[in-house]
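Residue numbers (our numbering): 27 to 345.
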(Lines of atoms letter the chains of each structure in order from A; the text may use other names.)
(Lines give C-alpha, C1' and ligand atoms only; values in the text may rest on other atoms or scores of the structure.)
Protein backbone atom coordinates (compact mmCIF):
# COMPACT_ATOMS: atom_id res chain seq x y z
CA UNK A 27 0.00 0.00 0.00
CA UNK A 28 1.35 3.44 -0.86
CA UNK A 29 0.55 6.62 1.04
CA UNK A 30 0.79 10.29 0.26
CA UNK A 31 3.68 12.23 1.77
CA UNK A 32 2.15 14.93 3.96
CA UNK A 33 4.80 17.56 3.36
CA UNK A 34 6.40 18.50 1.13
CA UNK A 35 4.46 17.05 -1.83
CA UNK A 36 6.41 16.66 -5.03
CA UNK A 37 5.09 19.06 -7.67
CA UNK A 38 4.52 16.61 -10.50
CA UNK A 39 2.09 18.88 -12.34
CA UNK A 40 3.39 22.22 -13.62
CA UNK A 41 1.92 25.50 -12.45
CA UNK A 42 0.58 26.05 -15.97
CA UNK A 43 -1.52 22.86 -15.93
CA UNK A 44 -5.23 23.62 -16.44
CA UNK A 45 -6.31 22.91 -12.85
CA UNK A 46 -7.27 25.00 -9.86
CA UNK A 47 -4.78 25.23 -6.98
CA UNK A 48 -6.82 22.75 -4.92
CA UNK A 49 -7.11 20.31 -7.84
CA UNK A 50 -3.39 20.54 -8.61
CA UNK A 51 -2.50 19.95 -4.94
CA UNK A 52 -4.75 16.87 -4.74
CA UNK A 53 -3.42 15.45 -8.02
CA UNK A 54 0.20 16.03 -7.00
CA UNK A 55 -0.44 14.10 -3.80
CA UNK A 56 -2.30 11.36 -5.62
CA UNK A 57 0.44 10.74 -8.20
CA UNK A 58 3.20 11.00 -5.59
CA UNK A 59 1.45 8.36 -3.52
CA UNK A 60 0.48 6.13 -6.45
CA UNK A 61 3.88 6.14 -8.12
CA UNK A 62 6.06 6.64 -5.03
CA UNK A 63 7.64 9.76 -6.52
CA UNK A 64 8.14 11.62 -3.26
CA UNK A 65 11.83 10.68 -3.07
CA UNK A 66 12.52 10.24 -6.76
CA UNK A 67 13.75 13.75 -7.48
CA UNK A 68 10.82 14.48 -9.78
CA UNK A 69 10.32 18.15 -10.62
CA UNK A 70 7.70 20.13 -12.48
CA UNK A 71 7.93 20.29 -16.24
CA UNK A 72 9.69 23.25 -17.72
CA UNK A 73 7.53 25.72 -19.70
CA UNK A 74 8.92 24.28 -22.97
CA UNK A 75 8.23 20.67 -21.90
CA UNK A 76 4.81 21.62 -20.63
CA UNK A 77 3.97 23.31 -23.94
CA UNK A 78 4.88 20.10 -25.77
CA UNK A 79 2.71 18.02 -23.44
CA UNK A 80 -0.21 20.42 -23.77
CA UNK A 81 0.14 20.41 -27.56
CA UNK A 82 -0.29 16.63 -27.51
CA UNK A 83 -3.23 16.95 -25.11
CA UNK A 84 -4.91 19.35 -27.52
CA UNK A 85 -5.60 16.46 -29.91
CA UNK A 86 -8.50 15.54 -27.63
CA UNK A 87 -7.50 11.85 -27.49
CA UNK A 88 -10.67 10.71 -29.33
CA UNK A 89 -9.55 7.10 -28.84
CA UNK A 90 -9.85 7.43 -25.03
CA UNK A 91 -13.09 5.48 -25.02
CA UNK A 92 -13.15 1.90 -23.65
CA UNK A 93 -16.17 1.06 -25.81
CA UNK A 94 -14.08 1.36 -28.99
CA UNK A 95 -12.35 -1.70 -30.43
CA UNK A 96 -8.56 -1.51 -30.51
CA UNK A 97 -8.62 -1.38 -34.33
CA UNK A 98 -10.85 1.70 -34.19
CA UNK A 99 -8.64 3.35 -31.58
CA UNK A 100 -5.52 2.77 -33.64
CA UNK A 101 -7.19 4.27 -36.70
CA UNK A 102 -8.03 7.41 -34.70
CA UNK A 103 -4.38 7.70 -33.61
CA UNK A 104 -2.91 7.05 -37.06
CA UNK A 105 -0.17 9.55 -37.91
CA UNK A 106 0.18 10.70 -34.29
CA UNK A 107 3.51 10.69 -32.40
CA UNK A 108 4.52 7.38 -30.84
CA UNK A 109 3.34 8.25 -27.28
CA UNK A 110 -0.17 8.97 -28.57
CA UNK A 111 -0.31 5.74 -30.59
CA UNK A 112 0.87 3.81 -27.52
CA UNK A 113 -1.86 5.62 -25.58
CA UNK A 114 -4.47 4.49 -28.11
CA UNK A 115 -3.31 0.87 -27.73
CA UNK A 116 -4.19 0.87 -24.01
CA UNK A 117 -7.55 -0.38 -22.74
CA UNK A 118 -8.62 3.24 -21.94
CA UNK A 119 -10.02 2.31 -18.52
CA UNK A 120 -7.51 4.28 -16.39
CA UNK A 121 -7.93 1.49 -13.84
CA UNK A 122 -4.52 1.97 -12.20
CA UNK A 123 -3.70 -1.74 -12.11
CA UNK A 124 -0.45 -1.07 -13.97
CA UNK A 125 0.61 1.65 -11.52
CA UNK A 126 -0.20 4.40 -14.03
CA UNK A 127 -3.16 5.74 -15.95
CA UNK A 128 -3.29 4.93 -19.67
CA UNK A 129 -1.69 8.18 -20.82
CA UNK A 130 1.17 8.17 -18.31
CA UNK A 131 1.90 4.47 -18.90
CA UNK A 132 2.23 5.07 -22.64
CA UNK A 133 4.44 8.12 -22.04
CA UNK A 134 6.69 6.10 -19.74
CA UNK A 135 7.08 3.38 -22.36
CA UNK A 136 7.84 5.89 -25.11
CA UNK A 137 10.49 7.65 -23.00
CA UNK A 138 12.18 4.40 -22.01
CA UNK A 139 11.37 4.87 -18.32
CA UNK A 140 9.14 1.76 -18.36
CA UNK A 141 10.36 -1.35 -20.20
CA UNK A 142 7.44 -3.64 -19.31
CA UNK A 143 4.79 -3.84 -22.01
CA UNK A 144 2.49 -6.34 -20.32
CA UNK A 145 1.07 -4.27 -17.46
CA UNK A 146 -2.29 -3.40 -19.03
CA UNK A 147 -4.47 -6.12 -17.51
CA UNK A 148 -7.78 -5.03 -19.13
CA UNK A 149 -6.14 -4.79 -22.56
CA UNK A 150 -4.62 -8.26 -22.30
CA UNK A 151 -2.91 -9.77 -25.29
CA UNK A 152 -4.44 -7.36 -27.81
CA UNK A 153 -2.79 -4.40 -26.10
CA UNK A 154 0.49 -6.26 -25.57
CA UNK A 155 0.74 -7.26 -29.23
CA UNK A 156 -0.06 -3.74 -30.40
CA UNK A 157 2.51 -2.22 -28.05
CA UNK A 158 5.17 -4.64 -29.32
CA UNK A 159 4.31 -3.76 -32.92
CA UNK A 160 4.57 -0.04 -32.23
CA UNK A 161 7.86 -0.40 -30.38
CA UNK A 162 9.29 -2.57 -33.16
CA UNK A 163 8.56 0.24 -35.60
CA UNK A 164 11.20 2.29 -33.78
CA UNK A 165 11.34 5.84 -32.59
CA UNK A 166 11.25 5.10 -28.87
CA UNK A 167 13.89 6.19 -26.42
CA UNK A 168 16.29 3.60 -25.06
CA UNK A 169 15.26 2.05 -21.74
CA UNK A 170 16.62 3.74 -18.65
CA UNK A 171 20.02 2.41 -17.58
CA UNK A 172 19.78 -0.10 -14.73
CA UNK A 173 21.22 0.75 -11.38
CA UNK A 174 24.85 -0.12 -10.71
CA UNK A 175 25.22 -3.79 -9.68
CA UNK A 176 27.26 -2.67 -6.70
CA UNK A 177 24.46 -0.48 -5.36
CA UNK A 178 22.43 -2.31 -2.69
CA UNK A 179 18.71 -2.71 -3.33
CA UNK A 180 16.70 -0.20 -1.29
CA UNK A 181 13.23 -1.16 -0.14
CA UNK A 182 10.66 1.35 0.95
CA UNK A 183 8.91 1.17 4.35
CA UNK A 184 6.97 -2.01 4.99
CA UNK A 185 3.64 -1.89 3.20
CA UNK A 186 4.35 1.46 1.50
CA UNK A 187 5.66 0.14 -1.82
CA UNK A 188 5.09 -2.84 -4.07
CA UNK A 189 8.61 -4.17 -3.44
CA UNK A 190 8.04 -4.52 0.31
CA UNK A 191 4.41 -5.56 0.88
CA UNK A 192 2.83 -6.03 4.30
CA UNK A 193 0.59 -8.94 5.24
CA UNK A 194 -3.09 -8.00 5.71
CA UNK A 195 -6.06 -10.24 6.46
CA UNK A 196 -8.89 -10.56 3.95
CA UNK A 197 -12.25 -10.44 5.73
CA UNK A 198 -15.03 -10.44 3.18
CA UNK A 199 -16.40 -9.19 -0.10
CA UNK A 200 -19.94 -8.26 -1.08
CA UNK A 201 -21.28 -7.57 -4.55
CA UNK A 202 -22.91 -4.15 -4.81
CA UNK A 203 -24.61 -4.55 -8.19
CA UNK A 204 -28.15 -5.79 -8.49
CA UNK A 205 -29.11 -8.98 -10.26
CA UNK A 206 -28.82 -8.65 -14.03
CA UNK A 207 -26.45 -5.67 -13.90
CA UNK A 208 -23.72 -5.62 -16.55
CA UNK A 209 -21.32 -4.06 -14.05
CA UNK A 210 -19.44 -5.90 -11.33
CA UNK A 211 -18.58 -3.80 -8.26
CA UNK A 212 -17.51 -5.31 -4.96
CA UNK A 213 -17.25 -3.99 -1.40
CA UNK A 214 -14.07 -5.61 -0.07
CA UNK A 215 -12.90 -5.54 3.54
CA UNK A 216 -9.36 -6.10 4.87
CA UNK A 217 -8.17 -6.11 8.46
CA UNK A 218 -5.16 -3.75 8.66
CA UNK A 219 -4.82 -3.81 12.45
CA UNK A 220 -2.00 -6.34 12.39
CA UNK A 221 0.17 -4.67 9.74
CA UNK A 222 0.27 -1.07 10.94
CA UNK A 223 -1.07 0.47 7.72
CA UNK A 224 -3.35 3.46 7.44
CA UNK A 225 -4.54 5.48 4.47
CA UNK A 226 -6.36 8.54 3.21
CA UNK A 227 -8.59 8.98 0.18
CA UNK A 228 -6.44 9.11 -2.93
CA UNK A 229 -3.94 6.48 -1.79
CA UNK A 230 -3.57 3.29 -3.83
CA UNK A 231 -4.08 -0.12 -2.25
CA UNK A 232 -2.12 -2.89 -3.92
CA UNK A 233 -2.93 -6.59 -3.71
CA UNK A 234 0.11 -8.81 -4.29
CA UNK A 235 -1.33 -12.10 -5.47
CA UNK A 236 0.03 -15.63 -5.12
CA UNK A 237 -1.04 -18.60 -7.20
CA UNK A 238 -2.79 -21.58 -5.67
CA UNK A 239 -0.06 -24.12 -4.72
CA UNK A 240 -2.26 -26.91 -6.13
CA UNK A 241 -2.24 -25.18 -9.52
CA UNK A 242 1.55 -24.84 -9.38
CA UNK A 243 1.84 -28.55 -8.51
CA UNK A 244 -0.37 -29.52 -11.46
CA UNK A 245 1.79 -27.43 -13.83
CA UNK A 246 4.98 -29.02 -12.48
CA UNK A 247 3.51 -32.51 -12.94
CA UNK A 248 2.73 -31.81 -16.61
CA UNK A 249 6.22 -30.40 -17.10
CA UNK A 250 7.67 -33.61 -15.67
CA UNK A 251 10.01 -31.50 -13.55
CA UNK A 252 11.15 -31.53 -9.93
CA UNK A 253 9.48 -28.94 -7.66
CA UNK A 254 12.89 -27.94 -6.33
CA UNK A 255 14.47 -27.49 -9.77
CA UNK A 256 16.53 -24.30 -9.77
CA UNK A 257 15.19 -21.50 -11.98
CA UNK A 258 17.24 -18.35 -11.58
CA UNK A 259 18.17 -19.14 -8.00
CA UNK A 260 14.59 -19.92 -6.93
CA UNK A 261 12.93 -23.36 -6.64
CA UNK A 262 10.53 -23.99 -9.52
CA UNK A 263 7.53 -24.43 -7.22
CA UNK A 264 8.14 -21.13 -5.43
CA UNK A 265 8.63 -19.30 -8.75
CA UNK A 266 5.28 -20.60 -10.02
CA UNK A 267 3.46 -19.70 -6.81
CA UNK A 268 4.90 -16.25 -6.15
CA UNK A 269 6.58 -14.89 -9.27
CA UNK A 270 4.86 -15.99 -12.49
CA UNK A 271 1.32 -15.60 -13.80
CA UNK A 272 -0.51 -18.85 -14.50
CA UNK A 273 -3.57 -17.30 -16.15
CA UNK A 274 -4.00 -16.89 -19.93
CA UNK A 275 -1.01 -18.29 -21.81
CA UNK A 276 1.36 -15.59 -23.08
CA UNK A 277 2.47 -15.56 -26.70
CA UNK A 278 6.02 -16.31 -25.54
CA UNK A 279 4.91 -19.72 -24.26
CA UNK A 280 3.39 -20.62 -27.63
CA UNK A 281 6.61 -19.44 -29.30
CA UNK A 282 8.70 -21.62 -26.97
CA UNK A 283 6.54 -24.64 -27.80
CA UNK A 284 6.98 -23.96 -31.52
CA UNK A 285 10.77 -24.11 -31.04
CA UNK A 286 10.75 -27.58 -29.48
CA UNK A 287 8.09 -29.28 -31.62
CA UNK A 288 7.64 -29.90 -35.31
CA UNK A 289 5.13 -30.48 -38.07
CA UNK A 290 1.49 -29.64 -37.49
CA UNK A 291 2.07 -29.05 -33.76
CA UNK A 292 4.73 -26.45 -34.49
CA UNK A 293 2.54 -24.73 -37.07
CA UNK A 294 -0.37 -24.60 -34.60
CA UNK A 295 1.81 -23.14 -31.83
CA UNK A 296 3.08 -20.48 -34.24
CA UNK A 297 -0.45 -19.51 -35.19
CA UNK A 298 -1.44 -19.20 -31.54
CA UNK A 299 1.62 -17.02 -30.88
CA UNK A 300 0.48 -14.74 -33.71
CA UNK A 301 -2.95 -14.32 -32.13
CA UNK A 302 -4.81 -16.77 -34.36
CA UNK A 303 -7.23 -19.35 -32.99
CA UNK A 304 -6.87 -22.52 -35.08
CA UNK A 305 -8.94 -24.76 -32.76
CA UNK A 306 -11.37 -22.18 -31.35
CA UNK A 307 -10.05 -22.57 -27.80
CA UNK A 308 -7.66 -19.63 -27.42
CA UNK A 309 -9.92 -17.85 -24.90
CA UNK A 310 -9.72 -20.93 -22.64
CA UNK A 311 -6.01 -21.63 -22.91
CA UNK A 312 -4.43 -20.80 -19.59
CA UNK A 313 -0.94 -22.06 -18.79
CA UNK A 314 -2.15 -25.43 -17.47
CA UNK A 315 -4.50 -25.88 -20.43
CA UNK A 316 -1.68 -25.13 -22.86
CA UNK A 317 0.50 -27.83 -21.31
CA UNK A 318 -2.42 -30.26 -21.65
CA UNK A 319 -2.87 -29.24 -25.29
CA UNK A 320 0.81 -29.66 -26.16
CA UNK A 321 1.72 -32.68 -24.04
CA UNK A 322 4.37 -33.74 -26.57
CA UNK A 323 6.40 -30.58 -25.98
CA UNK A 324 9.37 -31.15 -23.67
CA UNK A 325 10.14 -27.85 -21.96
CA UNK A 326 13.01 -27.16 -19.61
CA UNK A 327 11.82 -25.59 -16.32
CA UNK A 328 14.04 -22.53 -16.77
CA UNK A 329 12.91 -21.79 -20.32
CA UNK A 330 9.29 -22.41 -19.33
CA UNK A 331 9.42 -19.95 -16.42
CA UNK A 332 11.12 -17.30 -18.56
CA UNK A 333 8.29 -17.59 -21.11
CA UNK A 334 5.63 -16.76 -18.50
CA UNK A 335 4.50 -13.25 -17.62
CA UNK A 336 5.50 -11.85 -14.21
CA UNK A 337 2.83 -11.99 -11.52
CA UNK A 338 1.87 -8.33 -11.15
CA UNK A 339 0.25 -6.66 -8.14
CA UNK A 340 -3.18 -5.19 -8.71
CA UNK A 341 -3.55 -1.55 -7.68
CA UNK A 342 -6.82 0.07 -6.62
CA UNK A 343 -7.62 3.67 -5.69
CA UNK A 344 -9.18 4.11 -2.26
CA UNK A 345 -12.36 6.19 -2.12
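By construction, the Cβ of each residue, glycine as well, lies at the ideal position given by its N, Cα and C atoms.
- Item | Any alpha helix (DSSP H) of 4 or more consecutive residues that is wholly inside the region 271 to 301 | Fully enclosed alpha helix (DSSP H) runs of 4 or longer: 277 to 286, 289 to 299.
- For residue 342, which beta-bridge partners are listed by DSSP? 231
- Task: Answer with buried or exposed for residue 196, where buried requires no fewer than 16 other C-beta atoms within 10 angstroms of its C-beta.
- Result: exposed
- Item | residue 215 to residue 194 span [Cα, whole Å] | 10 Å
- Cα-Cα separation, residue 149 to residue 322: One C-alpha to the other measures close to 31 Å.
- Query: Excluding sequence positions up to five away, which residues of its chain have a Cβ less than 8 Å from the Cβ of residue 314?
  - Reply: 241, 244, 245, 248, 272
- By the 10 Å Cβ neighbour count, where 16 or more other Cβ atoms means buried, how is residue 144 classified, buried or exposed? buried
- Could you pull the start and end residues of the alpha helix (DSSP H) that residue 330 belongs to? 327 to 333
- Reference residue 274, options 310, 161, 254, 263, closest by Cα: 310
- Roughly how many angstroms lie between the CA atoms of residue 68 and residue 230, to the nearest whole one? Here residue 68 scores only 44 on pLDDT, less than 50, and its place in the model should not be relied on; the value that follows carries that caveat. In a straight line, the C-alpha of residue 68 is about 19 Å away from that of residue 230.
- Query: Helix or strand or just coil, what does DSSP make of residue 211?
  - Reply: Residue 211 falls in the coil class under three-state DSSP.
- Go to residue 137, then tell me how far its alpha helix (DSSP H) extends in each direction, as first and last residue. Boundaries of the alpha helix (DSSP H) harbouring residue 137: 128 to 137, taken from the DSSP string.
- Helix, strand or coil at residue 109 [DSSP, three-state]: helix
- Query: How is residue 309 classed by DSSP in three states: helix, strand or coil?
  - Reply: Three-state result, residue 309: helix.
- Item | Simplified DSSP assignment, three categories, for residue 195 | Reduced to three states, the DSSP call for residue 195 is strand.
- Thinking C-beta only, is residue 280 closer than 8 Å to residue 295? yes
- Query: Is the region 295 to 309 touching the region 202 to 217, taking contact as three or more C-beta pairs under 8 Å?
  - Reply: no
- Task: List the endpoints of the continuous alpha helix (DSSP H) containing residue 91.
- Result: Residue 91 -> no alpha helix (DSSP H), and no H or E assigned at all.
- Message: Beta-carbon within less than 6 Å of residue 299's beta-carbon, same chain only, minus the 5 sequence neighbours each way: which residues are those?
- Response: These residues qualify, in order along the chain: 277, 280, 281.
- Message: Considering only the alpha carbon of each residue, which of 99, 125, 91 lies closest to residue 340?
- Response: 125
- Query: Nearest to residue 331 by CA position, among 302, 256, 128, 285, is which residue?
  - Reply: 256
- Message: Could you give the first and the last residue of the continuous alpha helix (DSSP H) run that contains residue 245?
- Response: For residue 245, the enclosing alpha helix (DSSP H) covers residues 239 to 249.
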